[in-house]
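Read through the structure below, which is laid out as structure tokens, and then see the notes.
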Amino acid sequence: MNTRLRSTMKALRDSDRAGFIPYLTAGDPSIEWTEEYIRILAEAGADVVEIGVPFSDPVADGPVNQRSSERALRNGVTLRAVLDLVARVRSGGCVIPIVLFTYYNPLLRTGVATFARRASHAGADGALVLDLPVEEADAYRAAMRESRLDTVFLAAPTSTPERLQAIDQRSTAFVYYVSRLGVTGMRDQLPVSLGVEIRRLRSHVSNPIAVGFGISTADQAAAVAVDADAVVMGSVLVRFIEEYDPAEAGRRIGELAQETVRKLKQARRPRAQEAV
């Protein structure tokens, strides 16, 4: 099975530039504005977009994304509303791959098979379930495979070679590597050993590698892009939404996305990571 998301990530891995994957929480500041921001990001050159499903106990998220989730929940945003959003994005002609960024509880309440069917029907491409260990994901993976959706799992600096192999085997589009331990959020500096850690990860996995958690500037993204296949940026975009009116937030999101895409294109890598 060769999906849209899988094709996009493989093409990035085989190219000399890393991709840009922005993150937004669905429904912050509103579902309508999230739809507009997705359009802005796609036009700016994003390769994939992650859409967060609001959840009341987002343990992997830092304060900025937690507050974003709280605002979306106060707006009445549910999993069904998120999938309706995806469907509207698709009906508007936007074809950018969409990965749902969620916790397991909303899937459990809906039913894993029902979630997969509805997500596929809406036009989503895959999901990353932050708190679902790979060892407990068989039913989820089967449901996603049945609905032709990709599965993405997290790898961390502390992951053992054995665990990395398990994560790689169960990820169908890419492996999401967290750049540091802890929760999401902006950081002034990235770990000095990040490049070494990404190269270590590549020696254990065959999937493309996206790196996130803590990347908040275009220059940081470009530094990570030397070794990664894609760079994830979230909290800084969500902070724009928190600090500015929706239109101004959209302008700033678009500007940062354009700058990041431009610098990622300038940060050339060994083609197809031949040097690894």
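Using our numbering, the first residue of the sequence shown is number -11, and each one after it goes up by one. For each residue, glycine too, the CB sits at the ideal point set by N, CA and C.
If you look at Val224, you'll find it in the alpha helix (DSSP H) that goes Ser223 to Glu231. Met(-3) sits buried, since 16 or more C-beta atoms from the chains shown fall within 10 Å of its C-beta. In the three-state reduction of the DSSP assignment, Leu116 falls in the strand class.
Around the beta carbon of Met221, 16 or more other beta carbons lie within 10 angstroms, which makes this residue buried. Residue pairing by DSSP puts Pro10 in a beta bridge opposite Met221. Residue environment: Ala6 is assigned as buried (16 or more neighbouring CB atoms within 10 Å of its CB, all protein chains considered).
DSSP lists Gly40 and Leu116 as the beta-bridge partner residues of Phe89.
In the three-state reduction of the DSSP assignment, Phe141 falls in the strand class. The way I'd put it, the stretch 235 to 242 doesn't touch the stretch 196 to 203; fewer than three beta-carbon pairs between them come closer than 8 angstroms. In this structure, Leu12 is the residue among Arg188, Arg133 and Leu12 with its C-alpha nearest to the C-alpha of Arg59. Going by C-alpha positions, Val219 is about 18 angstroms away from Thr139.
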